[in-house]
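Worksheet: one structure, shown below.
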DNA sequence: CATAATGTGTTGCTTTTGCAACGGAAAATA
DNA sequence: TATTTTCCGTTGCAAAAGCAACACATTATG
């Protein structure tokens, strides 16, 4: 994509200029927002890490998305079809900007610079999110736990431009992200080590194949 | 969402007004586009049905997305990370508009009405796509074939506002869409019938529970 | 209309995954 | 630092899903 709007600097420059937003700070494990109760919300994660989490009727926990710096999230990205509440949980201390989506979309009355630039660049920002979601779908459609793990590792490896990288999750959370049973995943990790596909040192994975 | 931009009428009104697009017609089973070879492409399906399909190394076929009238697709929504080509296959006769995304984004020089309206409404269009993808992720994170089937049926039921609806897929394709083995899915369908969750008459499903 | 191609429905067997449980390591907290 | 909580790593067993094969139905196609 060519128009590489620099969200980070943009936010630094303008995040204090608009009246129609809220900026809040959260500490680890606090609930940042919920999607059923907070409609039409668009949030930007300025700092920290957070997960979008769902619990199903059987008590399974799913990490629907994992957010890091500059991630966009909020109910505007969802059409809630089930009764299961979606929670955004802070995984570390977080700073979050909250908007009402319509305010961005219809521009705020003040016509502030922040809103103007944001709405101009919104297609690109949302498009980035679409590509993230498509990567996630690619992972989830893989048929076996092994392929999910290898697919995820290869993705991290591509992002870090290195065959060696830290997992951004605990292994427990990784299982919830790949939507598999934790113990089965651990078993598969062991097999991947035994079969010479990976090495694992603490939280660091080293890809050996190819 | 409040801004319900009427894509259909918009396209009817303006689809002939812009020079920077191509309109093509495809017949069933033809390849509409491929994502590795055609970068920076944004397409709108004016008519018909088409699937975005990927084949993995094991020969498994996955229906990544199912497109119907007014769907947006194209490489702009993807960051190709694997070597697996993604194909859009026409499932019926299709009419498709092709754009170069940058042309939309940077507005075309002619400043035509079509481009202007489209780029104004692009955030909303892409946002609709995001909600579709999130629904797909919700389906794929379900842990069992049974839950995937019930989840998908409940989704169709919500869309049609009826507990009785036609499947938009053949059963073979449905398995590829839910990312499960076809015969295992057939077995589960039988069990769902036996357990009184559904009835199935030809291609029509009737939800019985609740 | 005959024939080919594709889709449906089923089943036995194998493999993978999930579940439950546990001990010990590591990290958080009082 | 003592203690609680969370996470890691492992295993036996049960359940679910995948694979392969087949017969039959339905739909395209020459």
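Chains as they are written, first to last, in my numbering: chain A, 169 to 378; chain B, 169 to 378.
Ideal Cβ placement from N, Cα and C applies to all residues, glycine included.
For this session: Classify residue 220 (chain B) as buried or exposed, calling it buried when 16 or more other Cβ atoms lie within 10 Å of its own Cβ.
Result: Looking at its Cβ environment, which holds 16 or more other Cβ atoms inside 10 Å, residue 220 (chain B) is buried.
Exercise. Tell me the DSSP bridge mates of residue 337 (chain A)?
Worked result: DSSP output for residue 337 (chain A) lists no bridge partner at all.
Exercise. Relative to chain B, which residues along the region 290-313 of chain A have a C-beta separation below 8 Å, given in chain order?
Worked result: 290, 291, 292, 294, 295, 297, 298, 299, 301, 302, 303, 304, 305, 306, 308, 309, 310, 311
Problem set entry | Touch test, the region 333-353 of chain A against the region 229-242 of chain A, Cβ-Cβ under 8 Å, three pairs minimum | yes
Exercise. How close, in whole Å, do the beta carbons of residue 303 (chain B) and residue 323 (chain B) come, if the pair is a contact with beta carbons under 8 Å?
Worked result: 6 Å
Problem set entry | Cβ neighbours of residue 377 (chain B) in the same chain (closer than 6 Å, five flanking residues each side left out) | 365
Exercise. CB-CB under 6 Å to residue 371 (chain B), same chain, minus the five flanking residues each way: which ones, in chain order?
Worked result: 334, 335
For this session: State yes or no: is the beta carbon of residue 236 (chain A) nearer than 7 Å to at least one beta carbon in chain B?
Result: no
Exercise. Name the chain B residues whose beta carbon is nearer than 7 Å to that of residue 228 (chain A)?
Worked result: Residues of chain B whose Cβ lies closer than 7 Å to the Cβ of residue 228 (chain A) are, in chain order, 311.
Exercise. Hey, quick one: how far does the beta strand (DSSP E) through residue 215 (chain A) stretch, first residue to last?
Worked result: 209-215
Exercise. In chain A, which residues lie with their C-beta within 8 Å of the C-beta of residue 246 (chain B)?
Worked result: 299, 302
Exercise. If you draw a straight line from the alpha carbon of residue 293 (chain B) to that of residue 239 (chain B), how long is it in whole angstroms?
Worked result: When rounded, the separation of the alpha-carbon atoms in residue 293 (chain B) and residue 239 (chain B) is 9 Å.
For this session: Could you pull the start and end residues of the alpha helix (DSSP H) that residue 265 (chain A) belongs to?
Result: Segment 262-268 is the beta strand (DSSP E) holding residue 265 (chain A); no alpha helix (DSSP H) there.
Problem set entry | Same chain only: Cβ atoms within 8 Å of residue 382 (chain A), ignoring 5 sequence neighbours per side | In the structure as shown, chain A begins at 169 and stops at 378. Residue 382 (chain A) is therefore absent and cannot be evaluated.
Problem set entry | residue 257 (chain A) in three-state terms, based on DSSP | strand
Exercise. Quick one: complete alpha helix (DSSP H) runs, 4+ long, within the region 293-353 of chain B?
Worked result: 313-328, 339-346
Exercise. If we cut at 7 Å on Cβ distances, does residue 347 (chain B) have a partner in chain A?
Worked result: yes
Exercise. Mind pulling the chain B residues with CB within less than 9 Å of residue 232 (chain A)?
Worked result: 302, 305, 306, 309
Problem set entry | Separation of residue 222 (chain B) from residue 255 (chain B), as counted between CA atoms | 7 Å
Exercise. Exposed or buried, residue 352 (chain A), counting other C-beta atoms within 10 Å across all chains shown (16 or more means buried)?
Worked result: Classification for residue 352 (chain A): exposed.
Exercise. Opposite residue 218 (chain B) in the DSSP bridges: which residues?
Worked result: B:235, B:258
Problem set entry | Selection from A:296, A:225, A:307, A:193 that minimises the alpha carbon distance to residue 259 (chain A) | A:193
For this session: Using beta-carbon positions only, say whether residue 312 (chain A) and residue 375 (chain A) come within less than 7 Å of one another.
Result: no
Problem set entry | residue 367 (chain B), enclosing beta strand (DSSP E) - first and last residue | 366-369
Exercise. What are the partner residues of residue 199 (chain A), as DSSP defines its beta bridges?
Worked result: A:257, per the DSSP bridge assignment.
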